[in-house]
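Participant:
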Amino acid sequence: MGSTALERAAVACRWRVGHVAAAAEIESDLEAAELVAAVERALAELPPRRAVVCRLRLIDGLSYAQIAPTGSASARRPWRRNSRAA
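Here the sequence shown stands for residues 32 to 117, numbered as in the working numbering.
Structure below.
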């Protein structure tokens, strides 16, 4: 009968640990959503072409060499646009 109490205590402990981890994950998700919203607001304030370059670089993670073929700009030109936005 003692092992049943121990098993219940172990299950309760695992549940509490899982609950705390889930709460931390939810908080992290909320912070990430707030950050994404702030970035979206900042991008909305940029001129359209600069916003596209910043979105491709910062959100999509493309290199400047990958961004250049998406338009008629050279590989150096997106870097200049992005450096002015920062």
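Every residue gets a Cβ at the ideal spot worked out from N, C-alpha and C, and that includes glycine.
How many Å lie between residue 41 and residue 58 at the Cα?
Facilitator: Answer to the nearest angstrom: the Cα atoms are 26 Å apart.
Participant: Quick one: is residue 98 buried, meaning 16 or more other Cβ sit within 10 Å of its Cβ, or exposed?
Facilitator: Buried: at least 16 other Cβ atoms inside 10 Å.
Participant: So, with DSSP's three-state summary, where would you put residue 37?
Facilitator: Reduced to three states, the DSSP call for residue 37 is helix.
Participant: Just verifying my parser: in three-state terms, what is the DSSP assignment at residue 91?
Facilitator: Reduced to three states, the DSSP call for residue 91 is coil.
Participant: Three-state secondary structure (DSSP) at residue 79?
Facilitator: Here residue 79 sits in helix by DSSP.
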